[in-house]
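Taking it in order: structure first as structure tokens, then the write-up.
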Ligand SMILES: Cc1ncc(COP(=O)(O)O)c(C=O)c1O
């Protein structure tokens, strides 16, 4: 007899609940600075990717309102069919200038940018080599392209080289996050660029979490590594994290962008982002580039958090970015710690499989230039308390996570 799809979903849902893996959408009723109000409770927010504190900046809000008055709310059509308005063109130029690329092309989301770029570049018979901790959208993009996907040990250039060598004659794309979204570490970009150069592979960097945060004027992890357009031909960035708005782009040579205009289906077959969002993003880029004090402040808060964690015996991954995961291993324990933090007035989400591998559940602490030092202190105290109360031996969890990471990687090769 045919399996009933909704019944199958119900069973999967029950299994998720049993394994403490159910996700829940919570509505934020209002925002006050670095606080969110959820279910009537005011929580200090350590979940936001608004690393520079721009999402509610009056200059961005004003730019958006002004553009909405002029252009209306929606773009009304796809970019190729009349939806591409002057604010979109201005934003693409600003992004190309900032990232030091010839051209940039807008997409409505980062997920769509990755799907569009990778599936336009690769086809059946080609090879896509990816860091195994890459964002889901890059992995999905390779699957959509129908190419051979091989994943390498996280941040391990030798493993990447071995994976490239498995299909030495196939046209190849090596794709990596610039900053890993759940771990916060920075990819070994210079070594990967050298490998790609030696192997005639094309390097693509998803800099969703590096843009605005790393490099001179916040131009990102690729700029920080001083890699040119020739060395990183495909640079993708998102506009909804440090820039505080929404959307994404791919930047590169004029030839690459022209090819994406023709062949990136998630660019061609969708409505252009609202022009007012593009106008707000131009203001965000100016603010991110020229208010360097936001990055200075963020760096100081990151240092404060890391030294405070060390003083309290809270083990952390190596990360110099605003993403500071606290690995606890077990999903139920991660959830319990997150709930305790909520009780203490702090919003720190528990990240569980399948977003991270089994046994790698964690609290994902995201810092923002909006936080005050005393708020980071409050987080540290609450975290130490919640972890002790839940019996989480974080050093052990961290070591176990590293060990199981290595095992998974060996399987992958
Ligand atoms: C590394 C990375 N790439 C891509 C995306 C997708 O971007 P967007 O949220 O704009 O779809 C995200 C996060 O959402 C991300 O963390």
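Residue numbers (our numbering): -18 to 394.
Every residue gets a Cβ at the ideal spot worked out from N, C-alpha and C, and that includes glycine.
Rounded to whole angstroms, what's the CA-CA distance from residue 45 to residue 297? Just pull it up for me. Pairing residue 45 with residue 297, the inter-Cα distance amounts to about 39 Å.
Does the region 220 to 229 come within contact of the region 79 to 93, defined as at least 3 CB pairs closer than 8 Å?
Enough Cβ pairs lie closer than 8 Å, so yes.
- request: Give me the Cα-Cα distance between residue 194 and residue 32, rounded to the nearest whole angstrom.
  value: Cα-Cα distance, rounded: 7 Å.
Point to revise | With 16 other Cβ atoms within 10 Å as the buried cut-off, status of residue 303 | key: It is buried - the Cβ of residue 303 has at least 16 other Cβ atoms within 10 Å.
Exercise for the section: State buried or exposed for residue 21, treating a residue as buried only when at least 16 other CB atoms are found within 10 Å of its CB. Expected result: The Cβ neighbour count for residue 21, taken over all protein chains shown within 10 Å, is under 16; the residue is labelled exposed.
Take the Cβ of residue 133 as the centre, count every other Cβ of all protein chains shown within 10 Å, and call the residue buried at 16 or more, exposed below. Note on residue 133: 16 or more other CB atoms within 10 angstroms of its CB, so buried under the neighbour-count rule.
Q. Cβ of residue 262 versus every heavy atom of ligand 1: is any distance shorter than 8 Å?
A. False, no ligand heavy atom lies under 8 Å from that Cβ.
Quick check: what's the CA-CA separation for residue -14 versus residue 334? Rounded to the nearest angstrom, the two C-alpha atoms are 23 Å apart.
Would the C-beta of residue 135 count as close to ligand 1, meaning under 8 Å from any of its heavy atoms?
In this structure, ligand 1 has no non-hydrogen atom nearer than 8 Å to the beta-carbon of residue 135.
* With hydrogens ignored, establish whether the beta-carbon of residue 119 is closer than 8 Å to any heavy atom of ligand 1. => For residue 119, the CB falls within less than 8 Å of some heavy atom of ligand 1.
### Query
With distances taken from CA atoms, which of 164, 131 and 158 is nearest residue 146?
For the residues 164, 131 and 158, the minimum Cα distance to residue 146 belongs to 131.
Coarse secondary structure for residue 238, derived from DSSP in three states: Looking at residue 238 - three-state DSSP - the assignment turns out to be helix.
Note to self: For residue 394 and residue 291, what's the separation of their Cα atoms in angstroms?
What the structure shows: Residue placement at residue 394 cannot be trusted, given a pLDDT of 41 that sits under 50; the coordinates are not used to answer.
For this session: Tell me, please, which residues DSSP counts as bridged to residue 12.
Result: Residue pairing of residue 12 in beta bridges, as defined by DSSP: 17.
Q) Going by the beta-carbon positions, is the gap between residue 112 and residue 141 smaller than 9 Å? A) Yes, these two residues count as a Cβ contact at 9 Å.
### Query
Which of the three DSSP states, helix, strand or coil, is assigned to residue 33?
If DSSP states are grouped into helix, strand and coil, residue 33 belongs with coil.
Alpha helix (DSSP H) runs wholly inside the region 132 to 175, at least 4 long, in chain order: As for any alpha helix (DSSP H) of minimum length 4 sitting wholly inside the region 132 to 175, the runs are 138 to 146, ordered along the chain.
Practice item. Tell me where the beta strand (DSSP E) around residue 351 begins and ends. Key: For residue 351, there is no enclosing beta strand (DSSP E), as DSSP marks it with neither H nor E.
Self-check item: Own chain, CB closer than 6 Å to residue 55, minus 5 neighbours either side, in chain order
Solution: So the qualifying residues of the chain are 255.
Could you tell me the alpha carbon to alpha carbon distance between residue 47 and residue 258, rounded to whole angstroms? When rounded, the distance between both Cα atoms is 11 Å.
Is residue 303 helix, strand or coil by DSSP?
Correct three-state label for residue 303: coil.
| How would you call residue -2, buried or exposed, if buried means at least 16 neighbouring beta carbons within 10 angstroms? | It counts as exposed.
**OP:** Give a yes or no on contact between the region 91 to 110 and the region 244 to 251, applying the rule of three or more CB pairs nearer than 8 Å.
**Re:** Verdict: yes, contact present.
Below 8 Å, how does it come out for the region 184 to 193 and the region 202 to 209: are there three or more Cβ pairs, yes or no?
With a cut-off of 8 Å, the region 202 to 209 and the region 184 to 193 count as touching, because enough Cβ pairs lie within range.
query = According to DSSP, what are the bridge partners of residue 77?
reply = Answer is none; residue 77 lacks a bridge partner.
Report task. Check whether the Cβ of residue 190 lies closer than 8 Å to any heavy atom of ligand 2, and answer yes or no. Result -> As for ligand 2, it is missing from this structure, which binds only ligand 1.
### Message
What I want to know is whether the C-beta of residue 92 ends up closer than 8 Å to one or more non-hydrogen atoms of ligand 1.
### Response
Residue 92 Cβ: within cutoff of ligand 1.
Would the beta-carbon of residue 77 fall within 9 Å of that of residue 84? A contact, by the Cβ cut-off of 9 Å.
| request: Using three-state DSSP, classify residue 196 as helix, strand or coil. | output: In the three-state scheme derived from DSSP, where H, G and I count as helix and E and B as strand, residue 196 is classed as coil.
Quiz item: Using the C-alpha atoms, what's the distance from residue 295 back to residue 8?
Solution: Distance between the alpha carbons of residue 8 and residue 295 is about 30 Å.
**Item:** Limits of the unbroken beta strand (DSSP E) element including residue 217
**Value:** If you look at residue 217, you'll find it in the beta strand (DSSP E) that goes 215 to 219.
*Three-state secondary structure (DSSP) at residue 391?*
Because residue 391 carries a pLDDT of 37, less than 50, the predicted location of this residue cannot be relied on, and the following value inherits that uncertainty. Note: residue 391 maps to helix in three-state DSSP.
Check your understanding: Less than 8 Å between the CB of residue 193 and some heavy atom of ligand 1, yes or no?
Key -> False, no ligand heavy atom lies under 8 Å from that Cβ.
_Assess contact between the region 277 to 285 and the region 318 to 331, defined as three or more Cβ pairs (one per stretch) separated by less than 8 Å. Is contact present?_
Contact fails: fewer than three Cβ-Cβ distances are below 8 Å.
Problem - DSSP three-state assignment for residue 289, whether helix, strand or coil - result: Helix at residue 289.
Q) Just to confirm, are residue 285 and residue 308 a CB contact at a threshold of 9 Å? A) Note that the C-beta distance between residue 285 and residue 308 is not below 9 Å.
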